[in-house]
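Quick note on numbering: numbering that gives the first Met the number 0 labels position 9 of the sequence shown as 8, and the sequence is numbered without any gaps.
Taking it in order: structure first as structure tokens, then the write-up.
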Amino acid sequence: MRWSRFFLYTLKETPKDAVTPSHIYLVRGGYIKQVAAGIYDFTPIGKMVLDNIRAIIKEEMDKAGAQEVMLSFITPYELWEETGRAKKYGDELLRIEDRKGQKFVLSPTNEESVVDLVRNYVKSYKQLPVNLYQINLKFRDEARPRFGLLRGREFIMKDAYSFHATRDDLDREFNLMQETYEKIFSKMGLDFRVVEADSGAIGGTGSREFMVLANTGEDDIVVCSECNYAANIEVAKRNHIKKENPVKTQEIEEIYTPDIKTIDEVSKFTETPKDFIVKAVVKKAVFDNGEEEIVVFFLRGNDELEETKAKNAVGAIDLVDASEEEIEKAGLIPGYIGPFGLPSNIKYIIDDDLRMAEELVCGANKKDYHIKGAGLLDANLLGNLTIYRDIAKVKEGDLCPKCGAPLKITKGIEVGHIFKLGTAYSEPMNATFLDENGKAKPFIMGCYGIGVSRLIAAAIEQNHDDRGIIWPKEIAPFVVDIIVGDVKKTDQVEFAEKLYEDLVNAGVKTILDDRTERFGPKIADFELVGFPVGVIVGKKLKNGKVEVRDRKTGEKFEVDKDVVFEKVM
Ligand code: ATP
Ligand code: MG
Ligand code: MG
Ligand code: MG
């Protein structure tokens with residue numbers, strides 16, 4: 000590429016709303032232009048980085064046997080009604096209507112679409128397993144789009160969905176996807192950790208996140224200083240905190256227990272997959288200090304998990320709401336509070352962490368409630384409840400549950416997330432196959448996401464200095480920037496042109512800065528835009544020398560002009 004002809008324009012000014020390095024440098028470096036909040040245009044150079052990342056992802060996904068598809072970006076609302084997510088998804092889901100009044104959504108994720116595709120074709124266990132992926136636009140109407148590409152509203156995701164006949168086969172694919180993701184992020188030159196994550200509202204039994212370490216990350220993660228233990232802070236809290244000195248409740252008075260005791264009964268009148276819930280209980284807890292709290296909590300179980308697991312599985316889940324009659328009969332406030340709605344006397348919503356507690360009242364009027372993240376809730380199927388308060392902190396130096404070395408708490412950017420979905424989508428969507436005995440069974444599924452456009456920003460958060468971006472070679476738009484010191488000097492132009500041609504022919508991604516700019520701004524742009532290697536063809540050419548700069552280390556080498564080609568190859 001010749002810069003003089005290239006649609007690339009850098010800016011001196013930092014955009015007003017930009018605070019993170021990636022946002023600042025992507026805009027100043029001419030990679031993206033804001034269109035609206037959380038929505039961006041990619042310029043040619045921005046598109047190049049995007050394509051480099053896509054190519055790495057595609058190569059590894061294809062190698063792992065996944066098959067690329069392209070699902071429609073706009074999907075019928077009806078599909079979302081089948082799983083109950085039409086309502087449950089909340090305000091991040093952008094609902095639209097066509098001229099005939101038919102309802103659609105802009106896809107924030109594509110479980111419904113892909114289940115619909117697969118149930119249409121796959122009828123027998125012989126056609127399984129299958130893993131379909133796409134690299135496509137997503138839209139989530141994020142409450143606070145921010146940090147440029149890190150949290151956009153329109154963004155690009157690689158999303159994959161696998162379908163299996165057995166849990167074992169899902170486990171195999173899940174592990175394969177983890178390995179594949181590790182290859183992908185390593186190839187991109189990123190420092191990342193795989194962390195145990197919360198299965199959250201989608202349910203399921205396994206969930207891992209891939210976190211790029213960067214102090215601007217929005218996620219807190221706990222990593223071991225010695226071994227490979229790493230966990231999302233929510234999981235770390237739940238699994239690894241010593242349960243010392245809990246504030247035991249003095250008295251627990253059960254003031255409301257829905258008359259639904261068994262999984263089967265629950266799933267009879269809701270679209271809730273059976274393996275989601277065991278029981279919901281509302282209690283009044285009186286603490287040592289006399290404080291009273293009304294607590295709604297859900298025991299989450301899985302019919303395939305042993306009892307012990309179910310015992311620990313406490314948490315809030317935003318489940319599908321009950322039928323209107325059920326709500327009315329029970330005197331409940333409609334909302335997404337489990338299948339039961341909310342008892343009208345409930346004022347406190349407590350869950351392990353605030354986010355989940357907030358999710359609980361989704362659909363009801365949040366102002367009406369005291370919403371709180373308690374720290375750690377523990378309960379068992381008999382309905383005994385203990386609240387561990389103020390221990391929701393994993394401290395620096397706490398010991399690793401795996402090897403005993405001190406833990407570190409650090410910030411990460413979630414760039415990937417893999418998930419065992421089980422039958423959470425196939426069951427409500429009635430997506431079944433015939434097993435070896437001719438019996439219809441719902442597909443057992445996994446899903447695997449990568450934030451493709453977020454990765455561009457994450458790579459910069461990890462690789463920059465106060466002058467600009469320092470691209471890892473693998474995803475750099477151009478690896479070598481040949482800077483002509485003075486374009487009026489024919490010897491400089493001729494040498495630079497020849498080197499440029501040789502490098503391009505050798506397959507090195509090269510840009511030739513042949514603009515009639517002064518040398519200073521050219522160097523500033525080299526640093527801002529972030530090319531790994533600079534070759535300066537300037538005055539010293541007369542003595543047979545050119546300068547090679549390493550963007551990362553800042554080192555400058557004087558190199559004989561005849562060996563510069565080998566040097567930068
Ligand atoms: P977050 O916790 O950051 O909101 P998420 O858990 O909601 O992300 P997933 O549903 O797991 O996201 O989606 C898969 C991947 O898509 C995420 O791991 C992330 O890399 C990317 N992603 C999610 N939301 C956004 C967004 N608003 N902008 C850019 N990338 C995103
Ligand atoms: Mg999100
Ligand atoms: Mg997340
Ligand atoms: Mg996620």
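Every residue gets a Cβ at the ideal spot worked out from N, C-alpha and C, and that includes glycine.
message: Could you check if Glu413 belongs to the surroundings of ligand 4, using beta carbon to heavy atom distance under 8 Å?
response: Looking up residue 413 in the sequence shown gives position 414. The answer is yes for Glu413.
message: I'd like the list of long-range same chain contacts for Ala505, defined as Cβ closer than 7 Å, with 5 residues on each side in sequence excluded.
response: If you number the sequence shown from 1, residue 505 lands on position 506. Met568.
query: Quick check: the stretch 66-85 against the stretch 31-39, are there 3 or more CB pairs under 8 Å?
result: no
query: Less than 8 Å between the CB of Gly437 and some heavy atom of ligand 5, yes or no?
result: In the structure shown, ligand 5 is absent; the only ligands present are ligand 1, ligand 2, ligand 3 and ligand 4.
message: Is any non-hydrogen atom of ligand 4 found closer than 8 Å to the C-beta of Ala196, if you look at the structure I gave you?
response: To locate residue 196, count along the sequence shown from 1; it is residue 197. Yes, the Cβ of Ala196 comes within 8 Å of a heavy atom of ligand 4.
field: Three-state secondary structure (DSSP) of Ala85
entry: Within the sequence shown, the letter at position 86 stands for residue 85. Three-state result, Ala85: helix.
Three CB pairs or more closer than 8 Å across the stretch 137-151 and the stretch 442-453: yes
query: At a Cβ threshold of 9 Å, is Met568 touching chain C?
result: Note that chain C does not occur in the displayed structure, where there is just one protein chain.
- prompt: Are three or more beta carbon pairs between the stretch 42-59 and the stretch 12-24 nearer than 8 Å?
  reply: no
query: Three-state secondary structure (DSSP) at Ser425?
result: Position 426 of the sequence shown, counted from the start, is the residue given in the question as residue 425. Three-state DSSP puts Ser425 in coil, outside helix and strand.
field: Start-to-end residues for the alpha helix (DSSP H) that takes in Leu502
entry: Here residue 502 is taken as the residue at index 503 of the sequence shown, counted from 1. Where Leu502 is concerned, the enclosing alpha helix (DSSP H) stretches over 489-504.
message: For ligand 1, is there any heavy atom lying closer than 8 Å to the beta carbon of Met156?
response: Indexing the sequence shown from 1 puts residue 156 at position 157. Answer for Met156: yes, Cβ within range of ligand 1.
query: Quick one: complete beta strand (DSSP E) runs, 3+ long, within the stretch 92-147?
result: 93-96, 102-105, 129-138
task: Examine the Cβ distances between the stretch 159-176 and the stretch 185-195 and report whether three or more of them are shorter than 8 Å.
output: Result no; under three Cβ-Cβ pairs closer than 8 Å.
message: With a threshold of 8 Å on Cβ separation, who are the neighbours of Leu116 within its own chain once the five nearest residues in sequence on each side are excluded?
response: Position 117 of the sequence shown, counted from the start, is the residue given in the question as residue 116. Excluding sequence neighbours, Leu116 sits near Val68, Leu70, Leu131.
message: Give me the DSSP bridge partner(s) of Pro405.
response: Your numbering for residue 405 matches position 406 in the sequence shown. DSSP output for Pro405 lists Leu398 as bridge partner(s).
message: Going by DSSP in three states, Pro245 sits in which element: helix, strand or coil?
response: Locating residue 245 in the sequence shown gives position 246, where the first residue counts as 1. Confidence in Pro245 is poor, its pLDDT being 44 and thus under 50, which makes the residue's placement unreliable; the coordinate value appears in the next sentence. In this structure, Pro245 counts as coil in the three-state DSSP scheme.
task: Could you name the residues of the same chain whose beta carbon sits closer than 6 Å to that of Gly591, not counting the 5 residues immediately before and after it, in chain order?
output: Limits of the chain in this structure are 0 at one end and 568 at the other, which puts residue 591 out of reach.
Cβ shell of Glu305 (< 8 Å), same chain only, five flanking positions each side left out: The residue you call residue 305 lines up with position 306 of the sequence shown. Residue placement at Glu305 cannot be trusted, given a pLDDT of 29 that sits under 50; the coordinates are not used to answer.
query: What do you reckon, is the C-beta of Asp218 under 8 Å from a heavy atom of ligand 1?
result: Within the sequence shown, residue 218 is the residue found at index 219, counting from 1. At least one heavy atom of ligand 1 is nearer than 8 Å to the Cβ of Asp218, so yes.
field: Supposed contact pair Thr9 and Leu511 - C-beta distance, whole angstroms, cut 8 Å
entry: Taking the sequence shown and counting its residues from 1, one reaches residue 511 at position 512. Taking the sequence shown and counting its residues from 1, one reaches residue 9 at position 10. Their Cβ separation, rounded to whole angstroms, is 16 Å, which puts Leu511 and Thr9 out of contact at 8 Å.
- request: Using the Cα positions of Asp40 and Leu7, report the straight-line distance between them to the nearest angstrom.
  value: If you number the sequence shown from 1, residue 40 lands on position 41. If you number the sequence shown from 1, residue 7 lands on position 8. Their Cα atoms are separated by approximately 13 Å.
task: Might you give, ordered along the chain, the residues of its own chain that have their beta carbon closer than 8 Å to the beta carbon of Val558, omitting 5 neighbours on each side?
output: By one-based count along the sequence shown, residue 558 stands at place 559. Around Val558: Lys544, Val545, Glu546, Val547, Lys566.
field: Where Glu264 sits in the DSSP three-state scheme
entry: In the sequence shown, counting from the first residue as 1, residue 264 sits at position 265. Unreliable placement is indicated for Glu264, whose pLDDT of 43 sits below 50; no coordinate value is reported for it.
Beta-carbon proximity of Gly448 to Thr13, cut-off 9 Å: Walking along the sequence shown from the start, residue 448 turns up at place 449. Walking along the sequence shown from the start, residue 13 turns up at place 14. Going by C-beta atoms, Gly448 is not nearer than 9 Å to Thr13.
message: Extract the residue ranges of the alpha helix (DSSP H) inside the stretch 44-88, only unbroken runs of 4 or more that lie entirely within it.
response: 76-82, 84-87
Ala142 classed as buried or exposed, judged by whether at least 16 other C-beta atoms fall within 10 angstroms: As a position in the sequence shown, residue 142 is number 143, starting the count at 1. That one is exposed.
task: Note the first and the last residue of the continuous beta strand (DSSP E) segment covering Val536.
output: Taking the sequence shown and counting its residues from 1, one reaches residue 536 at position 537. Unbroken beta strand (DSSP E) run through Val536: 532-536.
- prompt: Which residues bound the beta strand (DSSP E) around Val206?
  reply: For this step, residue 206 is matched to residue 207 along the sequence shown. For clarity, residue 206 is Ser in the given sequence; the question names Val instead. 205-212 is the span of the beta strand (DSSP E), which, as asked, contains Ser206.
Beta-carbon gap between Pro128 and Ser161 smaller than 9 Å: As a first step, residue 128 must be located in the sequence shown, where it is residue number 129. As a first step, residue 161 must be located in the sequence shown, where it is residue number 162. Yes.
task: Give a single yes or no on whether Ile449 has its beta carbon closer than 8 Å to a heavy atom of ligand 1.
output: Residue 449 sits at position 450 when you count from the first residue of the sequence shown. Yes - ligand 1 has a heavy atom lying nearer than 8 Å to the Cβ of Ile449.
- prompt: Between which two residues does the alpha helix (DSSP H) harbouring Leu454 extend?
  reply: Reading the sequence shown from its first residue, position 455 is the one you call residue 454. Run containing Leu454: 451-461, per the alpha helix (DSSP H) assignment.
query: What is the DSSP secondary structure of Gly37, reduced to helix, strand or coil?
result: By one-based count along the sequence shown, residue 37 stands at place 38. Reduced to three states, the DSSP call for Gly37 is coil.
query: Closest to Leu169 by CA distance: which of Cys446, Asp61, Leu136 is it?
result: Within the sequence shown, the letter at position 170 stands for residue 169. Of the listed residues, the one whose Cα sits closest to Leu169 is Cys446.
message: Please report the distance separating the alpha-carbon of Val532 from that of Ala475.
response: Start at 1 with the first residue of the sequence shown, and residue 532 comes out as number 533. Start at 1 with the first residue of the sequence shown, and residue 475 comes out as number 476. Looking at the two C-alpha atoms, the distance is approximately 10 Å.
Counted within 10 angstroms of its Cβ, other Cβ atoms place Gln249 as buried (16 or more) or exposed: Sequence index remark: in the sequence shown, residue 249 carries index 250 (1-based). Here Gln249 scores only 40 on pLDDT, less than 50, and its place in the model is too uncertain to base an answer on.
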